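Asker:
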Amino acid sequence: MGKVHQEILPRRANNSNLADYGQAVTYFKWEDVERQFSWYETGKVNMAYEAVDRHVEEGRGGKTALIYSDPVREESYSFADLKEKSNRFGNVLRKYGIGKGDRVFLFMPRQPDLYFSLLGILKIGAVVGPLFEAFMETAVKDRLEDSGAVALVTTPELLKRVKREELPDLRHIFLVGGYSDPEKGLISYDLESASASVELEPEWLGLEDGLIMHYTSGSTGKPKGVYHVQRAMIQHYYTGRVVLDLRDDDIYWCTADPGWVTGTSYGIFAPWLNGITNVVRGGRFSPRDWYSTIERCRVTVWYSAPTAFRMLMGAGNESLKGVDLSSLRHVLSVGEPLNPEVIRWGDNVLGQRIHDTWWMTETGGQLICNYPGMDIKLGSMGQPLPGITAAILDDQGNELPPYSMGNLAIKTPWPSMMDRIWNNPAKYEEYFRIPGWYISGDSAYMDDEGYFWFLGRVDDCINSSGEMIGPFEVESKLVEHPAVAEAGVIGIPDALRGEIVKAFISLREGYLPSDALKDEIAAFVKSGLSAHAAPREIEFKDKLPKTRSGKIMRRVLKAWELHQPAGDLSTIED
Ligand code: WTA
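Residues in the sequence shown are numbered consecutively from 1, following full-length UniProt numbering.
#1: Counting pairs of beta carbons, one from the segment 217-228 and one from the segment 117-125, are three or more of them closer than 8 Å?
#2: Does at least one heavy atom of ligand 1 sit under 8 Å from the Cβ of L244?
#3: Do I121 and L106 count as a contact pair if the criterion is CB distance below 9 Å?
#4: Ligand 1 heavy atoms versus the CB of residue 590: any closer than 8 Å?
#5: How long is the line joining the alpha carbons of K160 and E137, rounded to whole angstroms?
#6: With a cut-off of 8 Å on the beta carbons, I'd call F465 and T307 a contact; round off their distance for me.
#7: Counting pairs of Cβ atoms below 8 Å between the segment 143-160 and the segment 169-183, do you hit three or more?
#8: Kindly indicate the opening and closing residues of the beta strand (DSSP E) around G210.
#9: Would you report the Cα separation of A19 and N370, rounded to the nearest angstrom?
#10: Since W358 sits in a beta bridge, which residues does DSSP pair it with?
#11: Which partner residues does E539 have in the DSSP bridge list?
#12: Skipping 5 residues on each side, what residues in its chain have a beta carbon closer than 7 Å to that of N274?
#13: Go to K83, then tell me how far its alpha helix (DSSP H) extends in each direction, as first and last residue.
#14: Are at least three pairs of beta-carbons, each pair with one atom in the segment 226-235 and one in the segment 195-214, less than 8 Å apart?
#15: With respect to the alpha helix (DSSP H) encompassing K526, which residues constitute its N-terminal and C-terminal limits?
#16: Give me, in chain order, the residues of the same chain whose beta-carbon lies closer than 8 Å to that of D568; leave out the 5 immediate sequence neighbours on both sides.
#17: Determine the DSSP secondary structure at H532, reduced to helix, strand or coil.
#18: Are Y215 and R143 closer than 9 Å when you measure CB to CB?
#19: Decide if D250 is buried, meaning its Cβ has at least 16 other Cβ atoms within 10 Å, or exposed.
#20: Where R548 and E520 are concerned, what is the direct C-alpha to C-alpha distance, given to the nearest angstrom?
#21: Answer yes or no: the CB of S506 versus the heavy atoms of ligand 1, is any distance below 8 Å?
#22: Any heavy atom of ligand 1 closer than 8 Å to the beta-carbon of N407?
#23: Kindly indicate which three-state DSSP category G259 falls into: helix, strand or coil?
#24: On the criterion of 16 or more Cβ atoms from any shown chain inside 10 Å, does R284 qualify as buried, or is it exposed?
#25: Tell me, to the nearest whole angstrom, how far the beta carbon of I492 is from that of H532; I am working on the premise that it is less than 8 Å.
#26: Distance check for E157 and V140, CA to CA, integer angstroms please.
#27: Tell me the rounded alpha-carbon separation between G456 and Y40.
#28: Less than 9 Å separating the beta-carbons of D442 and K377?
#29: Give me whichever residues DSSP pairs with Y252 in a beta bridge.
#30: Does Q23 pass the burial test, meaning 16 or more other C-beta atoms within 10 Å, or should it be called exposed?
#31: Counting only the same chain and skipping the five closest in sequence on each side, list residues whose C-beta sits under 6 Å from that of E295.
#32: Measure the Cβ-Cβ separation of Y291 and S333 and say whether it is below 9 Å.
#33: At a cut-off of 8 Å, is G441 close to ligand 1 when judged by its beta-carbon and the heavy atoms of the ligand?
#34: Can you tell me which of the three DSSP states P202 falls into?
#35: Using 8 Å as the Cβ pair cut-off and three pairs as the minimum, do the segment 76-89 and the segment 261-269 touch?
#36: Give the DSSP-derived three-state secondary structure of S416 in the structure shown.
Dropping the structure here:
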């Protein structure tokens, strides 16, 4: 310890702009960042210790760590509070025999207990799996089943969506705001935590031990469990400093839910590793509430997404009346392409240039960014961070010259690179099929100044409001509906959401197309999977285009939709 707050980069005293250090950055070494953690001296580490306990030990326990607000509550907690609450829950987990490497999932709305329990899980060396609260039965079951989760922290409301009889590995359920019922394996999170000890020795781990799992969508098969290890903290800490530009007195707000990777890497880890006050807002999106959160909490650094900015933009100036946003000094975006029009809106309305950042669940942390001090080219994702090498490759792995469209690839490794896809080594290998490179699945080009420009997904994944939707998962749900014979799902362009889900459906004998049936089918996906995966458009077809092996050709559906040529049809059935 002791070295924790040494500078990781040669920053100037009052100015943290990376770009000021053109030369110094050439000498960037990950090891210099690694040196910031206890691991460097002891060979042992624990994310929750580094993000919470360390600050208490170093005399910052009284500093506000979490400001939580929703339409009816506003609470704040210090680093010492977080330490105490996570220790309590860690002790509860240990009491039930849960420990290192066990998967413990979270399924609850954004609220303070979500953050306390997540830290408690990490303290005892278990691997945390946060689920988005909007997931319905099938989505929850698939993820708990695949991960072999032994415990779940949830609420009495959401428990209804957990099919326990089909989840033999799931031994314990901790209910936040509910009572114990030992016969049913239900344990009161509140009562047990209240009577547990506040003292806990964290489980000391190596950098390669498990940290977190996030499920993400692919174009085929069920969602993939992207598994990250403790080492990721090196990247979280580093990008917190050089991209989020966090400084001691900042009030930071990341709008993402911990059910998605942004809500953990940048809604929990990056700010708290850096000892920063973190704002969490519960409840639904509303322009007035969002603006007033910035105003009331005096938010200085704000990380959100293009969809949210577009919604604020759409809400117009009325919702801005009398709101003071002058506390903001740095604004960032992630998840989808950031339209130049939105950046211009940010310039005018927020008084800040919105900084785009590119990364993925699998990459665990930011890789290509517009960081402070850099010249922003409107519409570009920015440049690879110091320590990261990106390139555009053709399908054979050759590096392409500037302005050629190809596979966006990152040179391996970097600290927060995923460690595996749970239960699916073959899927993992696909990302690394070109030796020395991670293939992102995005297509992009680089300009002659080394800026990267996003073009689209190479696969069929749909990015709706920044949420990646796997067409296969939606198709599988659709064909469970009694009227649906076959279904093909694609993304179509949408001004607000980027893309929306469109389903092409052929009906079973005896069913007739109607608007009522469309609504019923959409509602079926909404209640079985999640609202964001439900098709916003449905079109009935007598027959869907298929390959001879029976695979629905989404490429052809897309061509129909966009009135474009369908390309090579040699594999199509009759
Ligand atoms: C897309 C979110 C354009 C991209 C952290 C990527 C982006 C996928 C950007 C990952 C950006 C993310 N510009 N597209 N700045 N950031 N994407 O796993 O297609 O939910 O592959 O991770 O979102 O989505 P994921």
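All C-beta atoms, glycine included, are put in the ideal place defined by N, C-alpha and C. Just so it is clear, the structure is predicted and the values come from calculations on it, not from any experiment.
Answerer: In this structure, then:
#1: Note that the segment 217-228 does not touch the segment 117-125; fewer than 3 beta-carbon pairs, one per stretch, sit closer than 8 Å.
#2: Locating residue 244 in the sequence shown gives position 244, counting from the first residue. Taking the Cβ of L244 as the reference point, every heavy atom of ligand 1 lies at 8 Å or farther away.
#3: Position 106 of the sequence shown, counted from the first residue, corresponds to residue 106. Position 121 of the sequence shown, counted from the first residue, corresponds to residue 121. In contact: L106 and I121 (Cβ atoms closer than 9 Å).
#4: Outside the displayed span of the chain (1 to 574) sits residue 590, for which this structure offers no information.
#5: For the purposes of this step, residue 160 is taken as the residue at position 160 of the sequence shown. For the purposes of this step, residue 137 is taken as the residue at position 137 of the sequence shown. Roughly 8 Å separates the two Cα atoms.
#6: By 1-based counting over the sequence shown, the position of residue 465 is 465. By 1-based counting over the sequence shown, the position of residue 307 is 307. In the sequence as displayed, the identity of residue 465 is Ser instead of Phe. Right, the Cβ-Cβ distance comes to about 4 Å (below 8 Å), so this counts as a contact.
#7: yes
#8: The count along the sequence shown starts at 1 and reaches residue 210 at position 210. 210-216 is the extent of the beta strand (DSSP E) around G210.
#9: On the sequence shown, residue 19 is found 19 positions in, with the first residue counted as 1. On the sequence shown, residue 370 is found 370 positions in, with the first residue counted as 1. Bear in mind that a pLDDT of 44 at A19, under 50, signals an unreliable position, so the number given afterwards is only what the model happens to contain. Those two C-alpha atoms are separated by around 10 Å.
#10: Counting from 1 along the sequence shown, the entry for residue 358 is found at position 358. Beta-bridge pairing links W358 to I368.
#11: Here residue 539 refers to the residue found at position 539 when the sequence shown is read from its first residue. According to DSSP, E539 bridges with F504.
#12: Start at 1 with the first residue of the sequence shown, and residue 274 comes out as number 274. The answer, listed in chain order, is Y237, G240, R241, L246.
#13: To locate residue 83, count along the sequence shown from 1; it is residue 83. Per DSSP, K83 belongs to the alpha helix (DSSP H) from 79-95.
#14: yes
#15: Walking along the sequence shown from the start, residue 526 turns up at place 526. Per DSSP, K526 belongs to the alpha helix (DSSP H) from 515-528.
#16: Along the sequence shown, read from residue 1 onward, the residue named residue 568 stands at position 568. There are no such residues.
#17: As a first step, residue 532 is located in the sequence shown; it is residue number 532 there, counting from the start. DSSP places H532 in helix when its eight states are reduced to three.
#18: Along the sequence shown, read from residue 1 onward, the residue named residue 215 stands at position 215. Along the sequence shown, read from residue 1 onward, the residue named residue 143 stands at position 143. Yes, these two residues count as a Cβ contact at 9 Å.
#19: By one-based count along the sequence shown, residue 250 stands at place 250. Classification of D250: buried, given that the 10 Å Cβ count is 16 or more.
#20: Taking the first residue of the sequence shown as 1, we reach residue 548 at position 548. Taking the first residue of the sequence shown as 1, we reach residue 520 at position 520. Those two C-alpha atoms are separated by around 31 Å.
#21: Counting from one through the sequence shown, the residue named residue 506 turns up at place 506. No, ligand 1 has no heavy atom inside 8 Å of this Cβ.
#22: In the sequence shown, the residue the question calls residue 407 occupies position 407. No, since every heavy atom of ligand 1 falls outside the 8 Å radius drawn around the Cβ of N407.
#23: Locating residue 259 in the sequence shown gives position 259, where the first residue counts as 1. Coil, per DSSP.
#24: Residue mapping note: residue 284 aligns to position 284 of the sequence shown, counting from 1. Counting Cβ neighbours within 10 Å, R284 comes out exposed, since fewer than 16 surround it.
#25: Sequence index remark: in the sequence shown, residue 492 carries index 492 (1-based). Sequence index remark: in the sequence shown, residue 532 carries index 532 (1-based). Rounded, the Cβ-Cβ distance is 15 Å, inconsistent with contact.
#26: Counting from 1 along the sequence shown, the entry for residue 140 is found at position 140. Counting from 1 along the sequence shown, the entry for residue 157 is found at position 157. Their Cα atoms are separated by approximately 14 Å.
#27: For this step, residue 456 is matched to residue 456 along the sequence shown. For this step, residue 40 is matched to residue 40 along the sequence shown. About 40 Å.
#28: On the sequence shown, position 442 is the one that residue 442 refers to. On the sequence shown, position 377 is the one that residue 377 refers to. Going by C-beta atoms, D442 is not nearer than 9 Å to K377.
#29: Taking the first residue of the sequence shown as position 1, residue 252 is located at position 252. Partner(s): N278, V301.
#30: Residue mapping note: residue 23 aligns to position 23 of the sequence shown, counting from 1. In this prediction, Q23 scores a pLDDT of 37, lower than 50, which makes its location untrustworthy; the coordinate-derived value is nonetheless stated afterwards. Its Cβ having fewer than 16 others within 10 Å, Q23 is exposed.
#31: One-based indexing of the sequence shown puts residue 295 at position 295. The answer, listed in chain order, is V323, D324.
#32: For the purposes of this step, residue 291 is taken as the residue at position 291 of the sequence shown. For the purposes of this step, residue 333 is taken as the residue at position 333 of the sequence shown. For Y291 and S333, no; Cβs fall outside 9 Å.
#33: Taking the first residue of the sequence shown as 1, we reach residue 441 at position 441. Yes.
#34: In the sequence shown, the residue the question calls residue 202 occupies position 202. In the three-state DSSP reduction, P202 falls in the coil class, being neither helix nor strand.
#35: no
#36: Mapped onto the sequence shown, residue 416 falls at position 416. Coil, per DSSP.
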